[in-house]
Amino acid sequence: RRGSQRALSSSSSVMSSQQQHQQAQSPGWWQRCQELLGHLDPVPEPCRSVLGLLSVLHAANSHYGDLFDASQADSQLAVSVDTLESGGPLLHPDEFARHLLLYVLNFDRDRALARLHEPLLEVSYEGEVGTGLGPTLEFYSLVSREFARPDLGMWRQRQDEQRELLYPRPTPQSSAAVNRRLIRRFHSLGRFMGKALADSRKLDLPLSPAFYYWLLGREAELAAGGYRMLALVDPVLARTWHQLVQVADRRRQILGDQSHTPATRDLALNALTAELGCPVEELGLDFTLPGYPAVELLPGGSGIPVTIDRLDDYLTLAARWTLSDGVRRQMRAYLSGFESAFPGVRRGLAMFRPDELELVFCGAAVDRDDSAWEVGALAEACRPDHGYTLESRAVRMLFQVMSEFGPAERRGFLQFVTGSPRLPVGGWRALNPPLTIVAKKIGVVLGSDSQQQQQSESTSTSASADDYLPSASTCVNYLKLPDYSSVEVMRQKLLQAMAEGQMAFHLS
Numbered sequence: 001r002r003g004s005q006r007a008l009s010s011s012s013s014v015m016s017s018q019q020q021h022q023q024a025q026s027p028g029w030w031q032r033c034q035e036l037l038g039h040l041d042p043v044p045e046p047c048r049s050v051l052g053l054l055s056v057l058h059a060a061n062s063h064y065g066d067l068f069d070a071s072q073a074d075s076q077l078a079v080s081v082d083t084l085e086s087g088g089p090l091l092h093p094d095e096f097a098r099h100l101l102l103y104v105l106n107f108d109r110d111r112a113l114a115r116l117h118e119p120l121l122e123v124s125y126e127g128e129v130g131t132g133l134g135p136t137l138e139f140y141s142l143v144s145r146e147f148a149r150p151d152l153g154m155w156r157q158r159q160d161e162q163r164e165l166l167y168p169r170p171t172p173q174s175s176a177a178v179n180r181r182l183i184r185r186f187h188s189l190g191r192f193m194g195k196a197l198a199d200s201r202k203l204d205l206p207l208s209p210a211f212y213y214w215l216l217g218r219e220a221e222l223a224a225g226g227y228r229m230l231a232l233v234d235p236v237l238a239r240t241w242h243q244l245v246q247v248a249d250r251r252r253q254i255l256g257d258q259s260h261t262p263a264t265r266d267l268a269l270n271a272l273t274a275e276l277g278c279p280v281e282e283l284g285l286d287f288t289l290p291g292y293p294a295v296e297l298l299p300g301g302s303g304i305p306v307t308i309d310r311l312d313d314y315l316t317l318a319a320r321w322t323l324s325d326g327v328r329r330q331m332r333a334y335l336s337g338f339e340s341a342f343p344g345v346r347r348g349l350a351m352f353r354p355d356e357l358e359l360v361f362c363g364a365a366v367d368r369d370d371s372a373w374e375v376g377a378l379a380e381a382c383r384p385d386h387g388y389t390l391e392s393r394a395v396r397m398l399f400q401v402m403s404e405f406g407p408a409e410r411r412g413f414l415q416f417v418t419g420s421p422r423l424p425v426g427g428w429r430a431l432n433p434p435l436t437i438v439a440k441k442i443g444v445v446l447g448s449d450s451q452q453q454q455q456s457e458s459t460s461t462s463a464s465a466d467d468y469l470p471s472a473s474t475c476v477n478y479l480k481l482p483d484y485s486s487v488e489v490m491r492q493k494l495l496q497a498m499a500e501g502q503m504a505f506h507l508s
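Residues in the sequence shown are numbered consecutively from 1, following UniProt numbering.
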């Protein structure tokens with residue numbers, strides 16, 4: 001809202017100072033803008049101001065040629081919106097003369113402004129002929145998995161969890177203890193995720209919702225949340241601590257209850273020990289972070305035992321170091337890298353909740369919505385073509401096989417046909433272009449040798465579809481599917497192609 005008001009004020013003042021001259025040069029443009037601004041002056045609603053600004057910009061676009069008049073090249077007309085100030089300029093007065101020259105040289109407007117846009121990253125692999133969206137999506141998927149590797153030492157260890165969510169490994173925050181290589185890795189991760197967001201590429205990186213609190217600038221809530229937030233990072237540890245937290249809360253209530261006499265207070269406190277099963281001192285806890293003995297919660301914490309009197313302090317400090325203090329330098333490095341790749345976008349992300357940002361960065365996980373893999377949903381979202389229809393036997397068998405896939409098989413199938421193991425938000429219906437299932441021609445060999453072509457054609461009549469694997473064109477989400485003889489054969493061939501056809505892009 002503030003940016004739009006400043007923009008309208010700036011536009012109004014410029015137009016007032018140059019009104020008579022510009023009306024003579026381009027009456028349509030200035031008259032339309034004056035009408036718009038005059039209509040907006042008495043309107044207090046912020047949304048109307050924003051819509052008005054968009055109308056002014058639309059008028060500028062409609063009369064774009066007037067802005068490139070020779071007398072306009074030196075004028076200081078600028079529209080400034082604070083959400084764009086750190087990105088590419090919208091209308092930059094210093095560029096007008098250069099753009100005018102490009103027009104003289106018969107370059108169109110889009111070509112002239114192309115230098116103001118960040119290029120998209122496109123990946124191809126050495127020794128492989130495949131290029132385009134498919135190899136690029138696989139690149140983001142493969143790099144995501146590399147960042148998630150446990151041996152990099154970036155992430156805290158998790159056990160006994162079906163779906164592991166990544167959160168930085170806590171370390172002592174002294175300059176000597178935090179490895180420079182570790183800091184560089186988090187900075188690189190930030191750049192990687194920022195570029196993926198800028199290019200609208202999906203990642204395969206299951207980060208904890210607590211990680212996204214930092215990206216939203218809400219990390220103080222993690223420290224303030226204490227034990228309640230710990231479940232976002234380590235549910236196993238949170239469940240283990242549940243009884244300790246109850247004892248600490250109950251002790252705090254007993255000490256704050258003014259109705260107790262000294263004798264009844266002692267009885268109530270002794271009952272806590274019985275409730276726990278043993279004295280807190282016998283648990284063998286000290287003021288170091290569980291699982292990370294090098295991280296001391298207090299100076300000399302390895303030599304300070306946890307007692308019932310200090311249990312509350314221990315739980316508070318352990319949660320704070322797990323969520324905030326122990327990962328601060330790593331996350332600052334990550335945010336620095338993210339801002340360098342996509343400056344200013346964090347303000348726009350503030351509209352999302354932390355748990356929603358996983359959908360923004362990674363799309364929909366295959367284990368979240370089984371309904372998207374039902375036969376009816378697949379029939380509505382997928383498009384048979386080039387030899388197949390929805391009534392084709394092969395297509396019906398394919399939908400049956402896909403509906404029976406488990407999470408790992410779903411990921412493998414998506415990786416095979418799209419280059420990414422995740423669907424976009426909205427599932428199959430949101431996939432663009434939609435999954436297209438086409439009949440694979442049997443016996444056709446690619447190449448320029450006419451003898452090979454003739455030999456292939458002569459054997460095509462005797463070739464069996466069951467002898468061939470399916471193939472995919474990931475750039476356009478094409479699945480080239482032979483007309484297999486049975487559901488069992490189709491399932492076997494799909495699983496084989498999914499297992500053996502990864503990490504290579506060739507002509508099929």
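Note that the Cβ used here is the ideal one computed from N, Cα and C, for glycine as well.
Item to complete: Can you say whether Ser200 is buried or exposed, counting buried as having 16 or more other CB atoms within 10 angstroms of its CB?
Response: exposed
- [ ] Check Arg383 in the structure and name its three-state DSSP category.
- [x] strand
Contact set for Pro434: own chain, Cβ-Cβ below 7 Å, skip 5 residues either direction: Ala381, Cys382, Arg383 and Asn477
Check Ala497 in the structure and name its three-state DSSP category. helix
task = Tell me, to the nearest whole angstrom, how far the beta carbon of Phe147 is from that of Leu189; I am working on the premise that it is less than 8 Å.
result = 6 Å
Which residues in the same chain have their Cβ closer than 8 Å to the Cβ of Phe413, if we skip the five residues on either side of it in sequence?
-> Met402, Phe405, Leu494 and Met498
**Message:** Please tell me whether Asp466 and Val489 are closer than 8 Å, where the distance is taken between their beta carbons.
**Reply:** yes
Figure out for me which residue from Lys195, Pro170 and Gly194 has the closest Cα to the Cα of Ile183.
Pro170
Task: Cutoff 8 Å; reference Gln492; Cβ partners in own chain excluding five residues on either side - done: none
- prompt: Quick one: Cα of Ser302 to Cα of Phe186, how far?
  reply: 28 Å
Worksheet entry | Assigned exposure category for Gln415 - 16 Cβ within 10 Å defines buried | buried
Practice task
Pick out whichever of Ser420, Gly387 and Tyr484 has its Cα sitting closest to the Cα of Thr436.
Solution key: Gly387
Notebook entry, point to check: Near Glu500, which residues of its chain fall below 6 Å by C-beta distance, leaving aside the five closest residues on each side in sequence?
Noted result: none
Would you mind working out which of Gln400, Val438 and Tyr213 sits nearest Arg328, comparing C-alpha positions?
Tyr213
- DSSP three-state assignment for Leu469, whether helix, strand or coil: coil
Measuring CA to CA, which of Gln243, Ser473, Ala439 and Thr288 is closest to Asp385? Ala439
query: Between Ala377 and Trp428, which are expected to be in contact by the criterion C-beta below 8 Å, what is the C-beta distance as a whole number of angstroms?
result: 7 Å
Ranges of the beta strand (DSSP E) found wholly within the stretch 326-398, counting only runs of at least 3:
383-385
Would you tell me roughly how many angstroms separate the C-alpha atoms of Ala224 and Asp266, rounded to the nearest one? 31 Å
Give a yes or no on contact between the stretch 237-247 and the stretch 343-354, applying the rule of three or more CB pairs nearer than 8 Å. no
Self-check item: Identified DSSP bridge partners for Pro305
Solution: Asp286
Worksheet item: What does Thr436 pair with, by DSSP beta-bridge criteria?
Response: Arg383 and Tyr478
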